[in-house]
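Structure representation (structure tokens):
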């Protein structure tokens, strides 16, 4: 099977998930790990008053 378009990859991935759902479990663990580390980073960076401190940081950088 030669994959040519994005839709081909989606179809291929869906078929693989039907055959073996371990792929989904691995993806889920990866995504949850990334969310946890991002959350931890931002909590450490901006503290308790996240919204106010994040806005101050973004203003200093000229992003808002």
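Residue numbers (my numbering): 728 to 791.
Ideal placement from N, C-alpha and C gives every residue a C-beta, glycine not left out.
None of the values given here were measured: they were computed from a predicted structure.
**Study point:** Between the CA atoms of residue 744 and residue 755 - distance to the nearest angstrom
**Key:** As a first step, residue 755 must be located in the chain shown, where it is residue number 28. As a first step, residue 744 must be located in the chain shown, where it is residue number 17. Spanning the two alpha carbons is a distance of roughly 13 Å.
**Study point:** Simplified DSSP state of residue 788, which is helix, strand or coil
**Key:** Residue numbering aside, residue 788 sits at position 61 when the chain shown is read from its first letter. It is coil, neither helix nor strand.
**Study point:** Bounding residues of the alpha helix (DSSP H) (the contiguous stretch that carries residue 757)
**Key:** As a working mapping, residue 757 is identified with position 30 in the chain shown. 749-773 is the extent of the alpha helix (DSSP H) around residue 757.
Exercise for review: Note the first and the last residue of the continuous alpha helix (DSSP H) segment covering residue 730.
Suggested key: By one-based count along the chain shown, residue 730 stands at place 3. That residue, residue 730, is in no alpha helix (DSSP H); it is neither H nor E in DSSP.
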